[in-house]
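Numbering-wise, the sequence shown is residues 97 to 331 according to this note's numbering.
First up is the structure itself, then whatever we jot down about it.
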Amino acid sequence: MINVWGADHGGYIKRLSSAVKALTNDKANLVIKICQLVKVTDKKKVLKMSKREGNFISLRKVIGNVGKDVTRFIMLLRKNNDDIDFDLEKIKIESNDNPVFFVQYAHARCCSVLREAKKNFGQNEIKFEKVKKNNMKSINSVEELSLIQEIVKWPKILEESVNHQEPHRITYYLQSLASVFHSLWNYGKKDPTRKFVVAEDKNLTLERLTLIYSARIILSNGLNLLGVKPLNVMR
Numbered sequence: 097m098i099n100v101w102g103a104d105h106g107g108y109i110k111r112l113s114s115a116v117k118a119l120t121n122d123k124a125n126l127v128i129k130i131c132q133l134v135k136v137t138d139k140k141k142v143l144k145m146s147k148r149e150g151n152f153i154s155l156r157k158v159i160g161n162v163g164k165d166v167t168r169f170i171m172l173l174r175k176n177n178d179d180i181d182f183d184l185e186k187i188k189i190e191s192n193d194n195p196v197f198f199v200q201y202a203h204a205r206c207c208s209v210l211r212e213a214k215k216n217f218g219q220n221e222i223k224f225e226k227v228k229k230n231n232m233k234s235i236n237s238v239e240e241l242s243l244i245q246e247i248v249k250w251p252k253i254l255e256e257s258v259n260h261q262e263p264h265r266i267t268y269y270l271q272s273l274a275s276v277f278h279s280l281w282n283y284g285k286k287d288p289t290r291k292f293v294v295a296e297d298k299n300l301t302l303e304r305l306t307l308i309y310s311a312r313i314i315l316s317n318g319l320n321l322l323g324v325k326p327l328n329v330m331r
């Protein structure tokens, strides 16, 4: 059994642990995770809160302002005992400085590549079952290999996140994966021969789509694990 408490309730850990131990004859496994309080800022001003004075911003209001997906992702950006800065203004901006946008945009770009490939070569040719059979012999650029190195980290990240009960490891990793993917995307914009979809070369395209499918699946699974809905299109 895992209890998640705010840092201001740390003094109750020993007494509750003792009570659970006595009530269950030491058979229950109680784990208490302490989370630091959240500092909310808006327009570069810290919103000072006090329950006694009735001055506070509710979670419901935050979710109504920025959405539940953004709220969840930001709350899981830090280790539970680290301070969280929740900037209401920053997380609405669509830029690389916004971690939620950054990761979601990577997933949307993956989906965009797959749509383009299906448009060029047909729906049946771009199915995952066919793409994953490629030997990837033409995947040799530093940028492509960097993405592969990042992709293969996922099982270990997932395992460590569960074993240490630290979901922030997933958000860290998703940002890192998104960063490597965006770099490869930008590389293709500078050099057309490095684009994911090469209309004149279906085999090369299928090999590169192996990376796209892998990155998209991981980004999608990672976001879903955090309770965040992956976006297929971003305007």
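For glycine and all other residues, C-beta sits at the position ideal for the given N, C-alpha and C.
Original post:
Which stretch, first to last residue, makes up the alpha helix (DSSP H) that contains V209?
Top reply: 195 to 217
Subject >> Close Cβ partners of R168 (< 7 Å) along its chain, the five nearest in sequence each way excluded >> reply: L322, G323, V324
Original post:
Between P326 and Q271, is the Cβ-Cβ spacing less than 8 Å?
Top reply: no
Subject >> Spatial neighbours of I253 in its chain, beta-carbon cut-off 7 Å, leaving aside the 5 residues before and after >> reply: R265, I266, Y269
Subject >> Nearest-angstrom Cα separation, counted from G107 out to I183 >> reply: In the sequence as presented, Ile is not what sits at residue 183; that position holds Asp. Straight through space, the alpha carbons of G107 and D183 are spaced by roughly 29 Å.
**OP:** Compare the C-alpha of I128 against each of N121, V116, V134, T137 and name the closest.
**Re:** Looking at the Cα atoms, V116 is the closest of the given residues.
Original post:
Are there 16 or more other CB atoms within 10 angstroms of the CB of T120, so buried, or fewer, so exposed?
Top reply: exposed
**OP:** Please name the residue or residues paired with I165 in a DSSP beta bridge.
**Re:** Correcting the residue type first, residue 165 is Asp in the shown sequence and not Ile. None, per the DSSP bridge assignment.
Subject >> Nearest-angstrom Cβ-Cβ length linking C206 and A311, presumed shorter than 8 Å >> reply: Rounded, the Cβ-Cβ distance is 6 Å, consistent with contact.
Subject >> Residues bridged to T137 [DSSP beta-bridge criterion] >> reply: For T137, which the question treats as bridged, DSSP gives the partners V142, D183.
**OP:** Could you spell out where the alpha helix (DSSP H) holding V116 opens and where it closes?
**Re:** 109 to 119
Subject >> Cβ shell of R174 (< 7 Å), same chain only, five flanking positions each side left out >> reply: Excluding residues within five positions, the ones whose Cβ falls inside 7 Å are I180, H264.
Subject >> Outcome for G318 when other beta-carbon atoms lying within 10 angstroms are tallied against a minimum of 16 >> reply: buried
**OP:** With DSSP collapsed to three states, give me the class of I153.
**Re:** coil
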